[in-house]
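What follows is a single structure, written as structure tokens, with notes after it.
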Amino acid sequence: MKKYLTIFFMALFAINVFATEYTVTYQVNVYNPVTLNVYTIQSESGSFQTGQSFVMGAATLPADLANWQSLYDALVGTRFGIDSGALNENITIGINLLDFNPNVAGQYLNPNLFMFLGVVVVGETSGVTQINEFYHFNEGKNAYLKIPKSASLNSLFSLLSLTFDDLGFGYYVNDIFMSNGLNFNTEGDSVRLYLSHFSKFGGGRGSVILGVEETLPVAPTSFDLFQNYPNPFNPSTKIRYSVTAAGLVTLKVYNMLGQEVKTLVSTNKEAGVYEVSFDATNLPSGVYVYELKQNNMSLTKKMTLIK
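If you're matching positions, the sequence shown starts at -19 in our numbering and goes up one per residue.
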């Protein structure tokens, strides 16, 4: 028996030690929202092996991007890597800083964010995975970012009135941030983020940016849409709803002209009670209608934004 156990553990050790590692070629880009140009930071291009990482270095952005230098500086020193065994091919990735506010220096379009990234992947065999698509890693493996709590990061947090206690991260899917598929912690001298796939993701004020939360610990008794709270609100509010059967659920917000202004939910859901955050930072004051639909059923309610 000992002989077989020895052979088993030797084989397991060999698999872990001699697992094939793949090359990740990378470049860091900054997207200009005014000119629509993409600026590649030449000093932040290179390659590393899975199981290794690179560190984002300091760079001076060109004049037309100078408004967002503080956002870039907050990420300087970030260690960006991919776990050993996460890939089955060599890949090239473009790490893109996105969604800057062209009207406010040092701020994203969503002022509750301190970072917003999108990663394009070109696989040696899988081809191109666009920025809105998902490039998944092998089961149990991750890409990771370790963002140091530097003076630049702390300064940005102070500017945004953001604290590490109210920090959240999410993938940006269907116009909302969802925390499924990533994990993070803020202990020690860095913020550590672990990603199960590449696509668009961001971090900021978790109580505002995160969209659909986990199913609430309440048994659903009916198909129902609850009044948002708080109401009136500025600039964010929460909407709770319940569904008693699995199926496609949509939750959308309309203005009083009947124009859709936000899709909060558009996905299959199991029976349960859910809650979603609605951030109306970029919308004018007024009355809005939110509508819940599943199968042939629909419910609507009104809410008031006062700025």
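Virtual Cβ for every residue (Gly too), placed ideally from N, Cα, C. Just so you know, these numbers come straight off a predicted model, no measurement behind them.
Specify, as a first and last residue, the run of the alpha helix (DSSP H) that residue i falls within.
i      : result
Asp146 : No alpha helix (DSSP H) contains Asp146, which DSSP labels as neither H nor E.
Gly238 : Unbroken run through Gly238: none, as it is neither H nor E.
Can you tell me whether residue i is helix, strand or coil according to DSSP?
i      : result
Lys273 : strand
Leu140 : coil
Ala123 : strand
Asn47  : helix
Asp53  : helix
Leu133 : helix
Pro128 : strand
Tyr19  : strand
Measure the CB-CB distance between residue i and residue j and report whether it falls below 7 Å.
i      : j      : result
Lys249 : Val223 : yes
Leu190 : Leu231 : no
Pro132 : Asp53  : Checking the sequence, you will find Ser at residue 132 rather than Pro. Yes. Within cutoff.
Gln7   : Ser23  : no
Ala85  : Val56  : no
What's the gap between the Cα of residue i and the Cα of residue j?
i       : j      : result
Glu193  : Val18  : Because Glu193 carries a pLDDT of 47, less than 50, the predicted location of this residue cannot be relied on, and the following value inherits that uncertainty. Taking the straight line from one Cα to the other gives about 34 Å.
Phe60   : Met36  : 8 Å
Lys126  : Asn211 : 38 Å
Pro264  : Lys287 : 8 Å
Val14   : Ser170 : 32 Å
Asn318  : Ser278 : Nothing can be reported for residue 318: it is not among the residues displayed for the chain, which extend from -19 to 287.
Arg185  : Pro215 : 13 Å
Ser187  : Val233 : 19 Å
Ser141  : Met95  : 14 Å
Val(-3) : Leu67  : Bear in mind that a pLDDT of 49 at Val(-3), under 50, signals an unreliable position, so the number given afterwards is only what the model happens to contain. Their Cα atoms are separated by approximately 15 Å.
How far does the beta strand (DSSP E) with residue i in it reach, from first residue to last?
i      : result
Ser257 : Gly252 to Asp259
Ser187 : Element bounds for Ser187: not the beta strand (DSSP E) but the alpha helix (DSSP H), Gly186 to Ile189.
Ile111 : Ile111 -> no beta strand (DSSP E), and no H or E assigned at all.
Asn12  : Run containing Asn12: none; DSSP gives neither H nor E here.
Met95  : Leu93 to Gly103
Worksheet item: Should the segment 140 to 150 be regarded as contacting the segment 102 to 122, the criterion being three or more beta carbon pairs within less than 8 Å?
Response: In short, these stretches do not touch, since the Cβ pair count stays below three.
Worksheet item: Quick one: any contact between the segment 95 to 111 and the segment 156 to 170, if contact means 3 or more CB pairs under 8 Å?
Response: As far as the Cβ criterion goes, the segment 95 to 111 does not touch the segment 156 to 170, which means the pair count is below three.
Worksheet item: Can we say the segment 23 to 40 touches the segment 60 to 77, given the rule of at least three CB pairs closer than 8 Å?
Response: With the cut-off at 8 Å, the segment 23 to 40 and the segment 60 to 77 touch.
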